[in-house]
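Colleague: I'd like to ask some things about the structure below.
In the numbering used here, the protein residues as written are 12 to 960.
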């Protein structure tokens, strides 16, 4: 089959597009990338060259577009508005983006428009910074204000995840062919999440292989990769450049070059489909030149958001006058007619119409094709939701059909989630969203931008109790547990509420249930109307010593917090620490969401725990995991190892009622009416439209009726034959219906203190190579990282710092003796440590440190952490036999989590020693691709009690 050719006659009537994204300017700690502006120019030239280009200038959407003024960067374009390439001077084009800001929302809007509108060839190109998680997964494309946070589940803010954001958009594209080119660090890591739809033609070309970082390039010539692409796409003789020829050519071009740290520079690719032409041969017939056009004088139209070009996806809608208008010819007609014929008058159109009608064509269909309708960027709404709800809310947002009479999307929905406790704390100190600098240098107050993300327009928590806590009056912490974290007073001084949270109503319901394996015995009378304590007592009495009660992390989801509140209340005089230690012994760390908990049980690696565990999860999660293999709605991680579970409905756990909360910010008057109308329209659709409700009921939720949930229908997951004996069609109202703010606050505090003081031992590489490479002293260097991470250690914790650079055969020396300390004293001792002229004895120090942390008569479940900080040189010198021995020892009991910190790139690549130690112990491997300071502090916080004081 010949390769797909957008310039072919058969594809002339189709809509083609290239979305070119270049991020030159970065705030925070990321370096700017001045070569990106040249990259965008090179890609424009390559795709639209007169002889070889497969696209026209009108087919390009460039982000950002337009030059900037001579003044401050980012003040806006020098012209009156966004311009197409054809409207710029050559000098302006050469200047490129000039450091204009680029954000994820404008890129997401451009991708969504391309997904909906392109019917032919769609090319997406990205040049900028890329970042991945420590395990190499989840490539995120970074934009001007992107940053890294401490949240281990959602560490990246204001980025787009290739796996979760970009690939799902492009997988649903209506284009004949999708081609994506990524020129960024870790671009090759996108290959692991390459998942086109069945039958979709999709090709992905990455600047390098997985795990490889690349140089930033020369501002005059662009990056090496994109410059090579330009040469290949514009100089082929005799035959066109297809994707497969381009891959072979680019690998030859890059073969002599090296990436960062001397890695071989090998571009990588995956392709799903036959082949596609990306450039014609230089001796191909040129397209007829179009004469310059002087546009008629028209009143100024609506302006586009800054950063989007006036390509076919982004031109503002124009009000058409009554009567005759000169129609715009579709793409195929423009390419078939000679140049003068593209600018037709009324007579020409009527003659051409007669000819085509006689030929059986429908001219007006073509003249009124979608090329005649240019869609402005939709109004974007941000929706913050609970981690348990995000998959379903995202599905509903994607299905929202808000369009105008021309078929243009008028409202875009951006869905993200945050820990329930973080969201409540952020709303209670919402001024810190707008003025994060008001937080003290110590950081002892909520940091919404870091912990939650952008300011939302809509909040959909799992239950009304979260809304109660966020809106509770008075100086209390509103049930966030901050009073127990030592942050309440600071937060009260640093932040205030500048937001109105207007609860409009529920969009779905699901009760919290105790899911009991159907192999266990339990009286049917206990399925409803009894408190959680009575259900657990009956279960344990029927199976003595054979029951484990599990629930997700109560800080992460509102459902888990409500379940924990009832669980602690049911335990009577038994302290929370006893319950939490029992759970920690069964599974640690505890998964963040109900789905993650069920997936962890389903993997079958936990010695029959999946058959002994009764789980506190939302009914909809239990129902999805009960579905048989092959049924729609069954989670991908579900396996036959997981027993079928029966739902028991505790009367003292409130139902999750998914309230829709309109978020209105003080001082946000611009487009306030339009935004309020869009928010209200989205709520009305979610709560009343059958298609919207089906998004929830298909995932096991109960729909909205008058005054409460409706009984599940036969087409619901709850009504499937897999769940007929597992769930109740009618369930009683659960929970007392009173304000539980104070109780939930106490529960969070008790949870955070439950596992008691921790043990942390730092191994610090103080060899001369650390000092020689300027990795030892100064902000963000080794000693500073260790001292700052100690802020999460309390007076009851035992911790110490060992220096590994010693003469051969000797043991590591103490910078801080292992034991309880005052934090300031320990930090001063670290600051006074010196580098010495010895190699770091990594293997010996690791072995002795594990022995120290496991010694003593402490509780087995007491949290233990070993932190290894090194430049990677001596770390990688550990022999293979010693590595294997130490990895095996890291798996030992009691559990010691190991966090390895390398101050040079590459140490956390899969299979390297640091990665193996972290994987074996359930720890982390951190390198400069991470925000090491924030991530290390977050890891220490999981063990220390400083945050609970």
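We put the beta carbon where it would ideally sit given N, CA and C, even for glycine.
#1: Might you give, ordered along the chain, the residues of its own chain that have their beta carbon closer than 8 Å to the beta carbon of residue 739, omitting 5 neighbours on each side?
#2: Does the contact criterion of 3 or more C-beta pairs under 8 Å hold for the stretch 721–741 versus the stretch 436–443?
#3: Taking C-beta to C-beta, are residue 47 and residue 138 nearer than 7 Å?
#4: If you drop the 5 nearest sequence neighbours on each side, which residues of the same chain put their C-beta closer than 7 Å to that of residue 544?
#5: Can you list, in chain order, the residues of its chain whose CB lies under 7 Å from that of residue 841, leaving out five sequence neighbours each side?
#6: Run through DSSP, which three-state label would residue 961 get?
#7: Using CA atoms only, rank isn't needed, just tell me which of 626, 864, 726 is closest to residue 531.
#8: What distance in whole Å lies between the Cβ atoms of residue 149 and residue 174, which are believed to be in contact at a cut-off of 8 Å?
#9: Going residue by residue through the stretch 634–703, where are the continuous alpha helix (DSSP H) segments of at least 4 residues, counting only ones entirely within it?
#10: Where do the ends of the beta strand (DSSP E) carrying residue 579 lie?
#11: Could you check what DSSP says for residue 290 in three-state terms: helix, strand or coil?
#12: Nearest to residue 228 by alpha carbon, out of 239, 717, 930?
#13: Please report how far the alpha carbon of residue 2 lies from the alpha carbon of residue 425, in whole angstroms.
#14: Can you tell me where the alpha helix (DSSP H) with residue 544 in it begins and where it stops?
#15: Tell me whether the beta-carbon of residue 17 lies closer than 7 Å to the beta-carbon of residue 65.
#16: Can you name, in chain order, every residue of its own chain whose Cβ lies under 7 Å from the Cβ of residue 864, other than the five neighbours on each side?
#17: Which residue wins for smallest C-alpha separation from residue 252, given the options 220, 57, 147, 196?
#18: Are the CB atoms of residue 910 and residue 859 nearer to each other than 7 Å?
#19: Pick out whichever of 650, 141, 702, 604 has its Cα sitting closest to the Cα of residue 411.
#20: Are the beta-carbon atoms belonging to residue 815 and residue 856 less than 7 Å from one another?
#21: Could you round the C-beta distance between residue 546 and residue 525 to whole angstroms and report it? I think they count as a contact, below 8 Å.
#22: Go ahead and label residue 621 buried or exposed: buried means 16 or more other beta carbons lie within 10 angstroms of its beta carbon, across all protein chains shown.
#23: Could you tell me which of 946, 715, 273 sits nearest to residue 694, measuring between CA atoms?
#24: Using the beta-carbon count (16 or more within 10 Å), is residue 819 buried or exposed?
#25: Is the distance from the Cβ of residue 392 to the Cβ of residue 468 below 7 Å?
#26: My parser needs the beta strand (DSSP E) runs of 3 or more residues fully inside the stretch 583–625; what are they?
#27: Assuming the contact rule is C-beta atoms closer than 8 Å, residue 961 and residue 244 should be a hit. Round their C-beta distance to whole Å, please.
#28: Are at least three pairs of beta-carbons, each pair with one atom in the stretch 205–214 and one in the stretch 171–189, less than 8 Å apart?
#29: Taking the alpha-carbon positions, what's the residue 854 to residue 224 distance?
#30: Where residue 21 and residue 268 are concerned, what is the direct C-alpha to C-alpha distance, given to the nearest angstrom?
#31: On the CB-based measure, 16 or more other CB atoms within 10 Å of its CB, does residue 42 come out buried or exposed?
#32: Could you check what DSSP says for residue 813 in three-state terms: helix, strand or coil?
#33: Looking at residue 51 and residue 31, is the spacing between their C-beta atoms short of 7 Å?
#34: Around the Cβ of residue 562, are there at least 16 other Cβ atoms within 10 angstroms (buried) or fewer (exposed)?
#35: Taking Cβ positions, are residue 479 and residue 752 nearer each other than 7 Å?
#36: With a 10 Å radius around its C-beta and 16 neighbouring C-beta atoms as the bar for buried, classify residue 760 as buried or exposed.
Modeller: This is what the structure holds:
#1: 538, 539, 658, 660
#2: Of all C-beta pairs linking the stretch 721–741 to the stretch 436–443, fewer than three are shorter than 8 Å, placing the two stretches out of contact.
#3: For residue 47 and residue 138, yes; Cβs fall inside 7 Å.
#4: For residue 544, same chain residues with a beta-carbon under 7 Å away, outside a window of 5 residues either side, are 581 in chain order.
#5: 794, 797, 798, 812, 826, 827
#6: Given a span of 12 to 960 for the chain in the structure shown, any question on residue 961 remains unanswerable.
#7: Ranked by how close their Cα comes to the Cα of residue 531, the residues 626, 864, 726 have 626 in first place.
#8: So it is a contact: roughly 5 Å between Cβ atoms.
#9: 683–699
#10: Segment 569–581 is the alpha helix (DSSP H) holding residue 579; no beta strand (DSSP E) there.
#11: It is a strand residue.
#12: 239
#13: Any answer about residue 2 is impossible in this case: the structure gives the chain only from 12 up to 960.
#14: Per DSSP, residue 544 belongs to the alpha helix (DSSP H) from 543–553.
#15: yes
#16: Closer than 7 Å at Cβ, skipping near neighbours: 770, 772, 875, 877, 907.
#17: Looking at the Cα atoms, 57 is the closest of the given residues.
#18: For residue 910 and residue 859, no; Cβs fall outside 7 Å.
#19: 702
#20: yes
#21: 6 Å
#22: buried
#23: 715
#24: exposed
#25: yes
#26: DSSP assignment within the stretch 583–625 yields no whole beta strand (DSSP E) run of 3 residues or more.
#27: As shown, the chain starts at 12 and ends at 960. That puts residue 961 outside it, with no answer to give.
#28: yes
#29: 28 Å
#30: 41 Å
#31: exposed
#32: strand
#33: yes
#34: Buried is the call here.
#35: yes
#36: buried
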